[in-house]
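Down below is the structure, laid out as structure tokens.
Residue numbers (the working numbering): 451 to 1645.
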């Protein structure tokens, strides 16, 4: 970067010199033309004078007696002396122009700068006889255990044979996952797929098996007889090939998608060859099995141009008692391969005779800890933060190694530069390096992590294991600038003592290295520091801002820091509002319209302005509060409530005034943009200010400003920090990446901050349209329309606007009620042992109203049942309604009771529950056990359970639908049932869902798990749920075993359990009962992602019962199991076992549900075999007579 900056500046100087010389040539070219023009002007003046003279002479001749002839002769004589000859000056016209070059400048230019590259370590091969006396031969197994630069953890992506397979480094997995997401997003937004590719061209290809977009390289172009072009593609991130790929599956690739190098690395097993010269199918299959469900480590033995010769080491994730296993040895043991060498290979361990040392960045402030002070030229420090934590772990491990190995190897022949370990003054083992041999028995060692040098006996030194030498030495030498020792090179005792006193008790200091030397740095150290709470500068022309987004010096988005808290409050209020409410659908959006937009990247709602409507489904918007453009879908856009338009947008666009791009271009070069980015990034922890300039007007809402940065400078060693406020505009000029406008800043005037803020307030107000005030809002939780009424009476403060509560008045279709239903008489106890009723209404207080089933065909009397929460045996009461003024309504005969009957419509028997525990069935209630009216036929003797003796947990595992005591759908109350888990929210406009049927609830209802939904016909919201679920499941399998055990087995407790397949799954406890001796507990688990239940008997006397506490992020992903009712279908057979066996055959595969109705976490749908929706999944069951379509009432 420094080299580029230097030559860019040098190039600018040469350009200016060239322009000056060309200007001289242009002046010379125009000089003759200008000279002739001057002569022509003189001739015209002379011509006018001669005309006057001719007129005078004619007049004198005609009026001889009247004219003073002497005067006329004098005038005419002067006219005769006018210049009339054109001559050339003394310059030689044919003399050629000369361009003189100082030839000495060329060698000066060639030698004006040099680059010093330090030497690197070199390696050499030696025979066994010349090995050092204390050499250590490293066994092959050590390569896979120790930290080796040639050892990498990988994942195998494609296998052809043991001599040809592809792997991908796990170290770059995060970047690769992000690349695949970017490719998927790019493919979804790309509009034109017309491509013409040549061999070796790069592209984006849709893979058929996983329907994912991957990078590919064209290895062949094929043309069929019908002139259709297909391509043979090599997937550069996976390693496999695909032939005859059609044009419809290929997109052009963007340059940004090629920054990550190809991930698939071609490898072959080193040191073995096939037993029969070629690899058999069985040997390849066994090789694949060896790499299945294991952690794979690759040790590179040999590098070739296009292939790596490696040995693969695997570690089982289930049973690691055997340790790492070599695949090469395994293939030989399985008699698939043989060794191609006669003796076992032993390699010399790469013992480093000098530790690699920790480094500091020049001219950067780094916080360090003082470890040892020897003199002002030898101050040893170590980095703070994560490096310090890692070093402490290494130190603990090293000391544990020394404690476990009571007799570690002693160094018999010490040599300078040899790494070792020795105990320090604190009796702790530390890493050392022998720096000087004093005698046969004594050496001088340097503690590489402390910076202290001590003389020790050779008997106290121990050999250090190789892996502990790979961690960098932490002690960094600092020599103070601007100070020097006495002429003899020695430091005075007073100087060392003073320095020691300065650092005494100091926990940490800031160091700024200015120059690198052989064994450290020369720089400055700062003790005072600058407090973050330092007083803000008092400048009436500078306004503090934060940089939101930087594109070029002419396009920078900034925001006022004064309004940071109000912006955060606004965004928080928007999340709360739009998580509860949504606007009615709107399809007439226009450009420049204000709206509320959900950003999938940030998972939040923001205020935005529509910039461009790209298509009927995609819109380009600008987020007003964060200064970012983003393409979103129409589904992500909602009406912006007038509440959120009252606060202006405090994010605005500015440009750096007073500077221009180099080279006369109107476009900023990349070097200027990257330099500006580096300045902002380097000073990211500093404060930024802007000054609005008067002489340059705002254009296209871009405000010309001068950008300032508050920097901390250290003038000398141990000197207090100095605060400077420097212009970023002028920094670009000083770095040679921008040209200054002449005298711009010397004549500039600035606008006062108060006036500037007033201008911003007026120009960045958000104006809502009148249509926004008439929008109807939908309550997401209640699925009912609401009219949002917001108190706008107080507008004095932005915070007051955000603190106002949004009151939602729910407007719903009101039934014609003749009397309010709140004036109930005291409850009267029911005398029937079993009470049959049908639920008809649930009021806002959670009271459930029931019709007496026995009185269905007679008359209905008004009644209400109240259940006390504690005394269950005497909890049922009858409560009579007040007398009605309309006797015709009270005693009317009723032939049929519909779902719309309420207390005010007809007289009825009702049941009211005032506890949260009461669960009711869909059709008929007997106590709390529900049966259908057709099954009961009002017979009290057919297994109806007494309400007083009902076991409440039985209700949760009943086989039919369940409704709660609040107006929800006919499923378990989600807040109780799923406890901490979220329920899956299916968008109401969903037409198709890809699911996997898991298990039955009853004959026509199943639990279905959300599948991938990676297709245009499915909602992207569901696909996002699936990706989140896949991500946490990987994390669960990896980390569940280390989570704490469940200690309290309360109902609805979220947990992680290991199923019979030895995998971990999310679940909740639905029932639990401890044994009498408290040594075991009987629990019922409900797996929320599959819908099935499992009974477990946990032994509390053992430490591991495999029921563990989930992480918070595991709970936040919604439960993936959905109740799915088969639409318009009824079970007509008596053979329930046959139905179960048939359903088992079609379950556990991805199918497509065509949605008919969505009720929170339940859907009614037709189930089809695939995305074409041509064949019903259960069509053969209808043909076999197990199912039939329901008949309508008309039939």
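Think of the CB as a built atom: it goes at the ideal place given N, C-alpha and C, for glycine as much as any other residue. Just so it is clear, the structure is predicted and the values come from calculations on it, not from any experiment.
For residue 1447, the closest C-alpha among the options 1592, 1490, 680 and 1441 is that of 1592. A contact between stretches requires three or more CB pairs, one per stretch, nearer than 8 Å, and the segment 645–663 fails this requirement with the segment 709–728.
The residue from 1585, 1537 and 1552 with its alpha-carbon nearest to that of residue 1572 is 1537. In the three-state reduction of the DSSP assignment, residue 663 falls in the strand class, which pools E and B.
By the Cβ criterion, the segment 1472–1480 is not in contact with the segment 1499–1506, since fewer than three pairs of Cβ atoms, one from each stretch, lie closer than 8 Å.
In the DSSP assignment, residue 753 is bridged to 758. Closest option to residue 830, judged by alpha-carbon separation, among 839, 888, 971 and 1132: 971. Annotated three-state conformation of residue 1577 is coil, per DSSP. For residue 1527, there is no enclosing alpha helix (DSSP H), as DSSP marks it with neither H nor E.
DSSP, read as helix, strand or coil, puts residue 965 in strand. For residue 648 and residue 631, the gap between their C-alpha atoms comes out near 26 Å.
Runs of beta strand (DSSP E) with 3 or more residues, each lying fully within the segment 1421–1503, are found at 1442–1452 and 1455–1460, listed in chain order. Of the residues assessed, residue 667 falls on the buried side of the cut-off, its CB having 16 or more other CB atoms within 10 angstroms. Shown here for residue 1006: same chain residues with a beta carbon closer than 8 Å to its own, the five before and five after excluded, namely 997, 999, 1000, 1103, 1104, 1105, 1106 and 1157 in chain order.
Counting C-beta atoms within 10 angstroms of its own C-beta, residue 687 has 16 or more neighbours from the protein chains shown and is therefore classed as buried. Here DSSP, grouped into helix, strand and coil, assigns residue 557 to helix. Within the DSSP secondary-structure output, residue 1049 pairs in a beta bridge with 1054. Under the three-state reduction of DSSP output, residue 501 falls in the helix class. In this structure, DSSP gives residue 879 an extended state, which the three-state scheme calls strand.
The beta-carbon distance between residue 665 and residue 715, rounded to whole angstroms, is 14 Å. This is too long to meet the 8 Å contact definition. For residue 840, the CB contacts under 8 Å within the same chain, skipping 5 residues up- and downstream, are 921 in chain order. For residue 976, the secondary structure class from DSSP, reduced to helix, strand or coil, is strand.
Rounded to the nearest angstrom, the gap between the Cα atoms of residue 865 and residue 887 is 7 Å. Secondary structure note for residue 1131: its alpha helix (DSSP H) is the uninterrupted segment 1120–1132. Taking C-beta atoms as the reference points, residue 1484 and residue 1570 fail to come closer than 8 Å. If you look at residue 1588, you'll find it in the alpha helix (DSSP H) that goes 1586–1596. Excluding the 5 residues flanking it on each side, residue 1460 has same chain C-beta neighbours closer than 7 Å at 1434, 1445, 1472, 1475, 1476, 1570 and 1572, in chain order.
Collapsing the DSSP output to three states places residue 740 in a helix. For residue 684, there is no enclosing alpha helix (DSSP H); the residue is part of the beta strand (DSSP E) that begins and ends at 679–685.
The continuous stretches of alpha helix (DSSP H) do not include residue 1070, which lies in the beta strand (DSSP E) extending over residues 1068–1073. Non-local C-beta neighbours of residue 1039 in its own chain, meaning closer than 8 Å and more than five positions away in sequence, comprise 1045, 1060, 1063, 1069, 1084 and 1087, ordered along the chain. The count of Cβ pairs closer than 8 Å, one atom from the segment 1116–1130 and one from the segment 1069–1078, stays below three, leaving the stretches out of contact. With distances taken between CA atoms, residue 635 lies nearest to 707 out of 618, 925, 611 and 707. Taking residue 1178 as reference, the option from 1172, 1137 and 1193 with the minimal CA-CA separation is 1137. The continuous beta strand (DSSP E) containing residue 602 extends over residues 601–611. Nearest neighbour of residue 894 by Cα position, chosen from 1565, 907 and 990, turns out to be 907.
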